[in-house]
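In the working numbering, the protein residues as written are -5 to 319. By construction, the Cβ of each residue, glycine as well, lies at the ideal position given by its N, Cα and C atoms. One structure is given here, and the rest of the page talks about it.
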Amino acid sequence: MTNAFDLTWTLDGITMEGTFVCPAGDGPFTAVVLVAGSGPTDRDWCSPLVPGNNGSGRLLAEAFADAGIASLRYDKRASGTHAMENAEKLIGRMSMQSHLNELVAAIATLSQQACVDTSRIFGLGHSEGTLHVLHYATTPRDIPLAGIVLAGPPGRPIQEVLLSQLALQAAQNPGNPDLMTQVKKAAARYAAGQQMNPDSSLPDSIKMVLAGFEAPANLPFARELWIESASDSLAKVQIPVLVLIGAKDLQVDMHADGTPLQEATAGMTHITFSFPANANHVFKEDLRTLAEIAAAPGSGFNEPGTRLDPESLETILTGLSHAGA
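This is how it looks when you write it as structure tokens:
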């Protein structure tokens, strides 16, 4: 019988929380640490900004257990039930390095579980989380990873990815033809180290996204993230890598992001790419057209009844097996 229980550990005086799932049997088992995407996304890959609690992180952990693979998924210190109180403690301290420190601590905790084979620990990052997994995999570590899975990695700098996402929102506001011009001006000011000062006529939803990059609780992390892409690090990884970008993903694009990643790693046989036909950004199966998905942004993510994309799940399980699982 699958054994699942919550774990806690301390990092820089802040309690971190996660859920460990161990398959039935004695082990030792291959194990995966799951790293959630951006913002307040929690260990289950749910966010207060998106309806529903049927998160892909939890569903992946359950599917891994059924396949004989253990897992640990965790709340970043600025997500989950204690996000607000932790955010105050992290003001001025949140950075790419602080996120990497969280991953290091999580892998150390995972390695201490009796049923885990420490020589077969994999990292699976989603969206922004792929960057933290890449940082771990490209620097010397006491607990090296056996391989990594990058689910929805940004092949372009985050600034470009953000602008493409906001362009989709702008398409829902045809009454303001200058909207993206105003957004790009704000982004250019930010890239130059200035304040964004977005035009007051921008929709509140877009101003909220832009404001998140200037919130004191998100700095200096947001400025570091602004210019980074998975293409910066992927070619440096020497262990097996599986890269997945869903064809139904409107946040990360299989062409705009997938192509630079493929170009950066041409000829590297330990890196495999997959573009599952019906997978959306959180690797749920979505049978709608891209136009239908764009007309209802955020839907199909965590609502009851949504399920993992079967092709994506099979590809991940096969990839873990071929990498030594």
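Using a Cβ-Cβ distance cut-off of 8 Å, the segment 104 to 113 and the segment 17 to 34 are in contact, since at least three pairs of beta carbons, one from each stretch, lie closer than that value. For the segment 233 to 300, the continuous alpha helix (DSSP H) assignments of 4+ residues that do not extend past its boundaries occur at 252 to 258, 284 to 288, in sequence order.
The residues Lys242, Leu244, in chain order, have a CB closer than 8 Å to that of Leu284 in the same chain once the five nearest residues on each side in sequence are set aside.
Closest in alpha carbon position to Leu302, among Pro17, Glu286, Glu279, Phe(-1), is Glu279.
Nearest Cα to Pro270 within the set His76, Glu305, Pro298: Glu305.
Looking at the backbone, the Cα of Trp39 and that of Asn80 are separated by about 19 Å. With contacts defined as CB atoms closer than 8 Å, Leu204 and Ala224 fail to qualify as a contacting pair. Taking one beta carbon from each stretch, the segment 228 to 243 and the segment 126 to 140 have 3 or more pairs nearer than 8 Å; the two touch.
Cβ neighbours of Thr133 within its own chain (closer than 6 Å, five residues either side excluded): none.
For Val44, the closest of Thr312, Leu307, Gly313, Asn296 by C-alpha to C-alpha distance is Asn296. The C-beta of Ser65 has 16 or more other C-beta atoms within 10 Å across all chains shown, which makes the residue buried.
Its Cα nearest to that of Asp226, the residue Ala131 stands out among Met174, Ala131, Pro197, Ser194. Taking the C-beta atoms as reference points, Phe215 is found nearer than 8 Å to Met90. Between Asp60 and Leu307, the alpha-carbon positions lie close to 12 Å from each other.
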